[in-house]
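2 protein chains.
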Amino acid sequence: MTPLGKHLSRTVKDLTRKAVTGALADAGLQAHQIEAALFSNTRQPMLEGQNAVRGEIALSPLGIEGIKIVNVENACASGSSAVALGAAMIRAGEAETVLVVGAEKMVFPDRTEQVMAAFRGGTDIERIEETASAMAALGASLIPADAPDAPRSFFMDIYAGIARAHMEAFGTTREQLAMAAAKNHTHAAENPNAQYRTPFTPENVLADKPVIWPLTRAMCAPVSDGAAALILQSTGAAKGNKRAVKLAGTGWTTARARAVDDWDGHLGKRAADLAYEAAGLGAADMHVAEVHDATSFAEILQIENLGLCPRGEGGPFTASGATARGGRIPVNAGGGLIAKGHPVGATGIIQIVETCRQLRGEAGSMQVEGARAGVCENGGGFLGIEEAVTLVTVLTR
Amino acid sequence: MTPLGKHLSRTVKDLTRKAVTGALADAGLQAHQIEAALFSNTRQPMLEGQNAVRGEIALSPLGIEGIKIVNVENACASGSSAVALGAAMIRAGEAETVLVVGAEKMVFPDRTEQVMAAFRGGTDIERIEETASAMAALGASLIPADAPDAPRSFFMDIYAGIARAHMEAFGTTREQLAMAAAKNHTHAAENPNAQYRTPFTPENVLADKPVIWPLTRAMCAPVSDGAAALILQSTGAAKGNKRAVKLAGTGWTTARARAVDDWDGHLGKRAADLAYEAAGLGAADMHVAEVHDATSFAEILQIENLGLCPRGEGGPFTASGATARGGRIPVNAGGGLIAKGHPVGATGIIQIVETCRQLRGEAGSMQVEGARAGVCENGGGFLGIEEAVTLVTVLTR
């Protein structure tokens, strides 16, 4: 993967080149050995006018051409969707060696309006007012009368609404959201690829700029440029590769109509249950987790969905230190989306790359000792009352 | 599939609903029986600001939710790419019953500039001047000094350049391009779903408005709204279904650097060879063909790539009447892209739907008697000297 951040002078092609050459070198493979490629990007159509064949265009300068290539989109879950489809191609016998790339260029200081519009496009634009009203109403009585707010992506309104509903339902506190955020910012200080590497205390997080109550800026993922790539192989092709990580199970599902308070019906839990079942493992078997903390509230909700703690106890579990490096089940040991960065189409792949490093014992100062199994949760878009789509991926070694 | 045309008051959701309810009814299935869905659209990001989770948004009102859904893009070949990935999911054991939908809303009379920009996004926008110059130079000496031209999508410049190169290489004539176009317009007169149903003579085609030499308007696909859906099932799930059509083989490849005059290196031929090999069949076994005639020149080139006639003889073969209904191998029996319409993300699915109707003997007045095997060629985008990606699909019954 590339370092994440604001890479004003780099293009999607540049970012792709760096991520792909790194993945090939890591795997000891040459470009001509790639039999199929899946490319994940969400922003080029609206921000650059490149609405089609993005993968073919970005990969052909690397000599990756004349093979099966397809472009996959599932909002912030595009990357893990591409991995799941790549794995299906291998299981179907379509290829033995498949490249999966996520590359995203999101930072365009001269076109803030389009950058924000591209976030809105992750939910139904025909119903955006309805969604905005529904989210604003959630836990509205909790909002202090003098709570300021700031320009933000529409997704922060969504996360803030669900966060307030969770506070009402389970007593989750703003301090707990701050603890999750501080933990991830502190984790990222060790990550050379992270966009922000400044350790935070929960007090620092609460004192940061308000975004929309209960969220402050330090609780929210930044806008990021970056790319990541990984190579999937059949069991046969990977034979003898001592560093290979096994894709043990995937759970993939989309939003469903449900009541706001039916937390156990959340698609994150449905996807987690499917992934564990496919892997023949359970939450208790996991040693590390990457969860989609587009806000630190999301981490609290998703660790519940993943079964890392009981429903409603994500806040206290976080406050206990269980999810920090050295805790019972380290979550986002590399800093998560809020500190490491969130280049939308690449994020799901980054989560898997980081987990592979953990399972290989190659995570350096971020290493979780003895990690042999990990789970990644990657959610995308918003529809009704939950993410439009979520994939949970279980990896073992 | 929906009728194709200019559906100003219909949304992608409307078009999706009509296509999907039709496909479910045709298959005798209910929405809840769909286990996975692939959605193909290329225009919503740039023309409507809906850049993500388009399938989840369009399918959830139909009760298709809480399953695996992904959005697939490969320019004009998005539809066949989605079919190929859906088939891989079934072969991988991920699902038994998969819905594939292509839906496209391209006609926005109030934003011509964006509509044209969305075509340009099908080739590398960073290199568009270079591509334009290369295309303009091809067979430039053939262009009459007084040849007029007209506002058009960038792809017409590309097709015109390759057409002139083919004329120089093989003596293909403008009259032969007109014959292919007239044949498709005449075929479409029988097609209730076609955008244009006026029979043309080759003289009518040549007398139509010039677009860019050698192309006239009647040789070029229109801008279309429309949707199509189909359902893929495993052999087990489709057992006993007397109307089932077999997906016998797929060839899928992307552009490769090659010399302009290396016609046999064209990705259309590489994809066709792969598809026939996978199906264990050859060109001589095909009874019907759907080819991607974004211009009528493309049909002449692609029937050569598909091996329906020898290299360089696409023009004379067309002039002989061999590709008309009642000819040796009817091509685009429903009118092809130029007359039936070309809603980009739906086109590859429409080709397969039309071929299924032929193989089932349900094509009405368009029926090719005794059709039991068919081939569909679907190309997308442009990169270097050829389409960015092409899929060829062989179907049998």
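Sequence lines, in order, name chains A and B. Throughout, the working numbering is defined as the position within the first sequence, counted from one, plus 263. Throughout, the working numbering is defined as the position within the second sequence, counted from one, plus 263. All C-beta atoms in this analysis are idealised placements derived from N, C-alpha and C, irrespective of residue type, glycine included.
*Quick one: using the 10 Å Cβ neighbour count with 16 as the cut-off for buried, is A/D536 buried or exposed?*
A/D536 is buried by the Cβ-count criterion.
*Within the chosen definition, does the segment 334-348 of chain A reach the segment 265-279 of chain B through at least 3 CB pairs nearer than 8 Å?*
Because the criterion of three Cβ pairs below 8 Å is not met, the segment 334-348 of chain A and the segment 265-279 of chain B do not touch.
_Continuous alpha helix (DSSP H) stretch holding A/L571: start and end_ = Premise fails: A/L571 is in no alpha helix (DSSP H) and is neither H nor E.
*Please name the residue in B/G318, B/A288, B/T284 whose C-alpha comes closest to that of B/G608.*
It is B/G318 whose Cα lies nearest to the Cα of B/G608.
*So B/A299 and B/M352 are in contact, right, with Cβ under 8 Å, and what is the actual spacing, rounded?*
Beta-carbon to beta-carbon, B/A299 and B/M352 are separated by about 6 Å, close enough to satisfy the 8 Å threshold.
*Would you grab the beta carbon distance between B/T435 and B/I566 for me? Rounded to a whole angstrom, and I think it's under 8 Å.*
That belief does not hold up - the Cβ atoms of B/T435 and B/I566 are roughly 12 Å apart, past 8 Å.
*Could you tell me which residues DSSP puts in a beta bridge with A/I332?*
A/I332 is bridged by DSSP to A/A300.
*Roughly how many whole angstroms lie between the Cα atoms of B/W476 and B/S559?*
When rounded, the distance between both Cα atoms is 13 Å.
*In DSSP terms, what A/L654 is bridged to*: Answer is A/W515, A/N641.
*Inter-residue spacing [alpha-carbon to alpha-carbon] between B/G617 and B/I592*: It is worth fixing the name first, because residue 617 of chain B is Glu in this sequence and not Gly. C-alpha separation (whole angstroms): 15 Å.
*Does the beta carbon of B/M379 sit closer than 8 Å to a beta carbon anywhere in chain A?*
Residue contact with chain A for B/M379: absent (no Cβ-Cβ distance below 8 Å to any residue of chain A).
*asked:* Contact between the segment 352-368 of chain A and the segment 382-393 of chain A is defined here as three or more beta-carbon pairs at a separation below 8 Å; is this criterion met?
replied: With the cut-off at 8 Å, the segment 352-368 of chain A and the segment 382-393 of chain A do not touch.
*Would you list the residues sitting across from B/E553 in a DSSP beta bridge?*
Paired residue(s): B/C639.
*State yes or no: is the beta carbon of A/L287 nearer than 8 Å to at least one beta carbon in chain B?*
The Cβ of A/L287 sits no closer than 8 Å to any Cβ of chain B.
*Test item: CB-CB of A/G531 and A/T653 under 8 Å*: In terms of Cβ geometry, A/G531 and A/T653 form a close pair [threshold 8 Å].
*From which residue to which residue does the beta strand (DSSP E) around B/G365 run?*
First-last of the beta strand (DSSP E) with B/G365: 360-367.
*For B/M309, go through chain A and note every residue whose CB falls closer than 8 Å to its CB, in chain order.*
Per Cβ cutoff of 8 Å: P308, M309, G312, N314.
*Compare the beta carbon distance of A/A492 and A/V316 with 8 Å and say whether it is the shorter of the two.*
Judged by beta-carbon spacing, A/V316 lies beyond the 8 Å limit of A/A492, meaning their Cβ atoms are not closer than that value.
*Sufficient close CB pairs (3 or more, under 8 Å) joining the segment 481-491 of chain B to the segment 629-646 of chain B*: The segment 481-491 of chain B is not in contact with the segment 629-646 of chain B.
*Under the three-state reduction of DSSP, which class applies to B/V508: helix, strand or coil?*
If DSSP states are grouped into helix, strand and coil, B/V508 belongs with coil.
*Quick one: does A/K509 have its CB under 8 Å from some CB of chain B?*
At a cut-off of 8 Å, the C-beta of A/K509 has no neighbouring C-beta in chain B.
*Members of the segment 340-352 of chain B near chain A, C-beta cut-off 7 Å*: The segment 340-352 of chain B vs chain A, Cβ under 7 Å: S344, L348, A351, M352.
*Grab the span of the beta strand (DSSP E) containing A/A492 for me, first residue to last.*
Segment 489-496, the beta strand (DSSP E) holding A/A492.
*Select from B/V655, B/T659, B/I494, B/I648 the residue whose C-alpha is nearest the C-alpha of A/I320.*
Closest option to A/I320, Cα to Cα, is B/I648.
_the segment 333-343 of chain B in contact with the segment 327-336 of chain A per 3-pair CB rule at 8 Å_ = Touching, per the Cβ criterion.
*Check each residue of the segment 354-380 of chain A: if its Cβ is closer than 8 Å to any Cβ of chain B, include it; give the result in chain order.*
Within the segment 354-380 of chain A, R354, A355, G356, E357, A380 place their CB atoms closer than 8 Å to a CB of chain B, listed in sequence order.
*What in chain A is Cβ-close to B/W476, meaning under 8 Å?*
Contact annotation for B/W476 against chain A: no contact, minimum CB-CB distance about 26 Å [criterion: below 8 Å].
_Beta carbon of B/E677 nearer than 8 Å to that of B/L405_ = Only positions 264 to 660 of chain B appear in the structure, and residue 677 of chain B is not among them; the question remains open.
*Hey, is A/R519's beta-carbon within less than 8 Å of any beta-carbon in chain B?*
When Cβ-Cβ separations below 8 Å define contact, A/R519 makes contact with chain B.
_Less than 8 Å between C-beta atoms, sequence neighbours within five positions excluded: which residues of the same chain meet that for B/E576?_
F433, E567.
_Exposed unless 16 or more other CB atoms sit within 10 angstroms - verdict on A/Q293_ = By the 10 Å Cβ count, A/Q293 comes out exposed.
*asked:* Suppose the cutoff is 6 Å on Cβ atoms and the five residues either side in sequence are ignored; what does the same chain contact list for A/T265 look like?
replied: Non-local beta-carbon contacts of A/T265 in its own chain, meaning distances under 6 Å to residues more than five positions away in sequence, involve L278, K281, A282, G489, A490 in chain order.
*8 Å Cβ cutoff, A/S323 in contact with chain B*: Taking 8 Å as the threshold, the shortest C-beta distance from A/S323 to chain B falls below it.
*Taking only the alpha-carbon atoms, compute the straight-line gap between A/G611 and A/A445 and give it to the nearest angstrom.*
So the alpha carbons of these two residues sit roughly 22 Å apart.
_If contacts are defined as beta-carbon pairs under 8 Å, then B/V631 and B/V554 qualify, I think. What distance do you get, rounded to the angstrom?_
Contact flag wrong, Cβ pair sits at about 15 Å.
*Nearest CA to the CA of A/F418: which residue from A/A557, A/N467, A/E540?*
Looking from the CA of A/F418, the closest CA among A/A557, A/N467, A/E540 belongs to A/A557.
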